[in-house]
Amino acid sequence: MKEQLQALEKEALEKVDDATSLKELQDVRVAYLGKKGPITEVLRGMGKLSKEERPVIGELANKVRGNIADAIDSKKASIEAAELEKQLEEETIDVTLPGRPVPTGGPHLLTSIVEEIEDLFIGMGFEVSEGPEVETDYYNFEALNLPKGHPARDMQDSFYITEEILMRTHTSPVQARTMNAMEDKRPVKMICPGKVYRRDTDDATHSHQFTQIEGLYVDKNVRMSDLKGVLDRFAKQMFGQEREIRLRPSFFPFTEPSVEMDISCKVCNGEGCSVCKQTGWIEILGAGMVHPRVLEMAGYDPKVYSGFAFGMGPERIAMLKYGVDDIRHFYTNDMRFLKQYHQA
Amino acid sequence: MFVSLNWLKNYVDIDQLSPEDLAELITKSGIEVEGLERFASPANNVVVGYVESCEKHPNADKLNLCQVNVGEETLQIICGAPNIAQGQKVAVAKPGAVLPGNFKIKKAKLRGVESNGMICSLQELGVEEKFVPKEFASGIFVFPEDAEIGADVNELLNLDDIIMELGLTPNRSDALSMLGVAYEVAAILDVPIRLPHTNYHTEEEKVENYVSVKVEAAEQNPYYGAFLLKDVKIGPAPLWMRNYLMAAGIRPINNVVDITNYVLLEYGQPLHAFDFDKFGSDEVVIRMAHEGEKLVTLDNQERTLTSEHLVITNGKEPVALAGVMGGADSEVSEQTTTVLLEAAYFEGQTVRKAAKDFDLRSEASNRFEKGVDPNRVQKAGERACKLLQEYAGATVLNGVFEYDHLDYSEKTVTIWTSTINDRLGTNISNDDIADILRKLNFNYEQDGETFTVYAPTRRQDIVIFEDMLEEVARIYGYDNLPFTLPSGGAQAGGLTKQQELKRYVKRFLEGAGLSETVTYSLTSKERATELVSPEVAEAMVSSVSLAMPMSEEHSTLRLSILPEMLSSVAYNLARKQVNVAYYELGSIFISKEEKVTRQPDEKVRLAGALTGEWLTHPWQQEKKTVDFFVVKGIVEALFESLNLNVTFVQAKVDGMHPGRTAQLFIGDQAIGFVGQVHPQLQKEYDLKETFVFDIDFDYILSIHENEPSFAKIPRYPSVTRDIAIVVDESVQAGALQAAIAHAGGELVKDIQVFDVYQGEHLAEGKKSIAFSLFYQDPERTLTDEEVESSYQAILDAVANEHNAELRG
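Those sequence lines, one after another, are chains A and B. Heads up: the first sequence begins at 1 in my numbering, then just goes up one per residue. Heads up: the second sequence begins at 1001 in my numbering, then just goes up one per residue.
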């Protein structure tokens, strides 16, 4: 009986070894380990054995059974692995084929610039204000110290609708509106982005509609050195830490003193090149200390309050920063232009 | 303003600096130097020559053979200029000379005769044609007789001059004169200033024996001074003066005109010279013109005047448009011997009006408009008299007939060192302030830290403390201001909820595949009324147009973003960019008046336009073109993300496809539409099938709540039942869905259409719509009976309300 079991074991293990599919392996399992299989048969005949022999043969039979089962399991695992491998082989794709596209959009370059500037000033404690694009002559000019007949009105020929109503020529009226609306005359610290309109013929450097960002800070003890500090921080964050700024005297009816701010040219680092017209400096924005008449008209006592204001053109900033060569690109909405600025 | 540095050197010493450094300093402390250019490129080896003889070239009719003495030698030169003559002193480019444009002069043979150099015109020496005096415009330049033979022409003709172009802001009209610029430079460099001479010899005879002045418009003409000069000999002005005028961009004419122009540039005070013999009377009357009165101006144009124009008259008729242009009849000519010289102060607004009405902006009108210096009006007249005496042989009569109601007072402005420092953030001392005032040539009185400043009348822009603050700051130097940050406490900046919502919506739509546009707010009158959303059409009375548009294209304020956006779509299509997906958040302008008297209401709208392919994956044969449901899907997703319940109602909107347009509602509020542009309008705009949406974003801003409340996550399973029903094809899915939602009760959490079918197996005029129903109770597991009873209620409801049958 012992020999019989050993022969069965040998025979079964050979068959397991020969099996090439899970089906064949299953047949081997049924044939040798099933209820009608030869090992079961052997065990049935154990009743004829002596007491001493019985446990020995029993143990052997279980061992043989175990060995065969183990061999089947291990063979099964290897067949499964081979089959999986085959399947994976078959499933292989060309990963260099293009993927299914996802519709992508993005903000307009002007929006990106405006939001960047908004966030930068929000970081310095500013709020964002908005105002109407169709303005009254009073807020657009008079409240900004530009009475009727003032020569500086020439500087910005305007689109009038009636004698008293016009397309705003700058975002500065929001200064006056914000201060006027402040009933308790608290400090004001705001920036105001928006569309503005002037009687210009559209060409590479002019547009009858363009964007401006106005800034205003009115409080007790606001100093011109504060303006310089805030603008310096703005310039460095917007154009790079290595940029220097300089202020030059200028004129705006609603500020006094008035200045223009230049930044050192990024292209030549101040050495002088064609971008900065050999000066080493590039004009970025206009600014100044709020004119006492403007404060007064808005109900702020110029003896108690002082402030600074600044205004800049996002188109110009975009043109400088990205080398956009024609202001009309901002308004034709050519998809090839828009998509260039959709990347982070 | 063009400033000749050679001219400027007459008043201030600037030789210690290079022109570039000077320009930099001027820019940094007050006036922007916009350009720095040589008057002409240098010409070497060009000298004054004396034409000893001039004969016809033996072999050429139009050429002359000249013997020219250039000092150490006499050169034989062939010259083709028509105005060459024996006895002239001319500019001779000797062999070896290099003229502007790298034009090298060599010995040559012209038609068999040797020529050893070239006699030059001013143009050949690099002077711009428009500045060359007319008599020399088509020939060589002839020097005055006193020019030294052999002298270098660079200096003599001022060719080595540097011209500085100043960009003047409206407040700095004081720098519209050489003296004004000199004061500015003197302050910046801290150097003294030399004023020009105004002394001249006068005759016993008095002006008032010849002429009287009467001003009938004192407000417009507070000062009028008349000088009278006899025995004037018209001729060329001295060479140096002509040089300076050319450098400043003015063409020399004759000594009288050149002198008035020279003084205009020197003092910033316009003068006018009348030919007194042609003046027509001995009485100068200044008054407002009569309505319809006529005057022929120097440019030979007849001008029809109105009562808003100030004129100089001879008591009978106008002889000059005050401050703008003289009349042709009394113009100074070759024959003039007696000159009436006007030095006057004309009020700016009056001159501005006349210059604008007749489109006659001149050097004179520009200065009057901005306000001249009261203290220089008469001075300038005296300066001109001195120059006319010296360079036109004039006999100046005694005195000046004046009308004088001019305010000569200096404005006083008080400044305090401490206030200056408070405003600038600086630490400037009293002594620094005193020093700055001295450099500026301002008179002042000091009492400790208090300075009473007498602003000179040349600086009309200095009126209040802040004006002086600027003067101190710019001379002190903006570079010297410290960098500080506001000390006013740490305020928290930020966006309002509404501003944040705008940004959120932008990012949402960009994530959904749309590109943001910025289009023009001004469109054509016709476009302004296209694709106006029904609720806008209802709210408005008329569109708003500009009084004086620059073009029809941009004449009217938009009532919808869509027309200009569709123009941009067409722009792309024309450039083979056929897939376009746009959105824009911007204002429209609604006027509720027939005739505008108030600002229109500005309403923020959210619009979009899509055309072409939406999603393509060619190698997988996947292709989706934009259709109604692509656009609707984006709009639905947006509203879902905003937690707003919007309904879509089939509607007709002007300019939209009548069968493919839905109006949007939140509750009963109409808030816009979505759909396909009408094929006819598509054609007009040169578009392919284009789908758009236009939404009242202001309404959304007004109702949106930013904080979503928490809803428990359900712990019990949901049950899904499908239902397919057959209805008449006119029945809309939305109506069925509403009926299902209503009948199904609270347990129905979601209803989704998963199939729409029409055709075989269904009766003509019928369609089948299949819905998936999702049942859920957050508190417990649902029973079959509950679901079944809801399902039956739904079937009953759609059967009753829509004649629907369960699909077999």
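Cβ atoms here follow ideal geometry from the backbone N, Cα and C, with glycine treated the same way. Note that the structure is predicted; figures quoted are calculated from it, not measured.
Below-8 angstroms beta-carbon distance, residue i vs any chain B residue
i, result
"T201/A", "yes"
"M182/A", "no"
"H329/A", "no"
"F251/A", "yes"
"L97/A", "yes"
"S306/A", "yes"
"F254/A", "no"
"I263/A", "no"
"I284/A", "no"
"V230/A", "yes"
Range covered by the beta strand (DSSP E) that runs through residue i
i, result
"M1656/B", "M1656 to I1666"
"A1343/B", "V1339 to Y1345"
"L1559/B", "L1559/B -> no beta strand (DSSP E), and no H or E assigned at all."
"E1056/B", "Looking at the sequence itself, residue 1056/B is Lys, so the reference to Glu does not match. Its beta strand (DSSP E) spans residues N1044 to H1057."
"I284/A", "W281 to V290"
"I1162/B", "I1162 to G1167"
"V304/A", "Run containing V304/A: none; DSSP gives neither H nor E here."
"A1724/B", "V1719 to D1728"
"E1114/B", "V1113 to S1115"
Residue i classed as buried or exposed, judged by whether at least 16 other C-beta atoms fall within 10 angstroms
i, result
"F1358/B", "buried"
"K15/A", "buried"
"A1473/B", "buried"
"I1703/B", "exposed"
"S21/A", "exposed"
"P1714/B", "exposed"
"Y1444/B", "buried"
"A1574/B", "exposed"
"Q6/A", "exposed"
"K1712/B", "exposed"
"M1548/B", "exposed"
"R54/A", "exposed"
"F330/A", "buried"
"W281/A", "buried"
"A1108/B", "exposed"
"I93/A", "exposed"
"P1486/B", "buried"
"H1201/B", "exposed"
"R177/A", "buried"
First and last residue of the uninterrupted alpha helix (DSSP H) at residue i
i, result
"D17/A", "K2 to D18"
"C273/A", "Note, C273/A: premise wrong, no alpha helix (DSSP H); not H, not E."
"V1787/B", "D1784 to H1802"
"R1474/B", "F1465 to Y1476"
"A1770/B", "From DSSP, A1770/B is part of no alpha helix (DSSP H) but of the beta strand (DSSP E) over K1766 to Y1775."
Test: residue i CB closer than 8 angstroms to a CB of chain A
i, result
"N1441/B", "no"
"W1619/B", "yes"
"A1581/B", "yes"
"W1614/B", "yes"
"R1575/B", "yes"
Assumed close pair residue i, residue j - CB separation to whole angstroms, cut-off 8 angstroms
i, j, result
"L1341/B", "A1273/B", "5 angstroms"
"A1217/B", "R1287/B", "5 angstroms"
"D202/A", "R328/A", "6 angstroms"
The ligand GTP heavy atom lying under 7 angstroms from the CB of residue i
i, result
"A1217/B", "Within the structure as shown, the ligand GTP is missing, as the structure has no ligands at all."
Quick one: complete alpha helix (DSSP H) runs, 4+ long, within the segment 1383–1428 of chain B? 1417–1424
Ranges of the alpha helix (DSSP H) found wholly within the segment 1589–1673 of chain B, counting only runs of at least 4: 1628–1641
Unbroken stretches of the alpha helix (DSSP H), 4 residues or longer, contained in the segment 222–277 of chain A: 224–239
Please specify which runs of the beta strand (DSSP E), each continuous and at least 3 residues long, are wholly inside the segment 1299–1387 of chain B, giving them in chain order. 1302–1304, 1310–1313, 1318–1321 and 1339–1345
Quick one: complete alpha helix (DSSP H) runs, 4+ long, within the segment 143–182 of chain A? 173–181
Can you list, in chain order, the residues of the segment 1424–1438 of chain B whose Cβ is nearer than 8 angstroms to any Cβ on chain E? As a matter of chain content, chain E is missing from the structure shown, whose protein chains are A and B.
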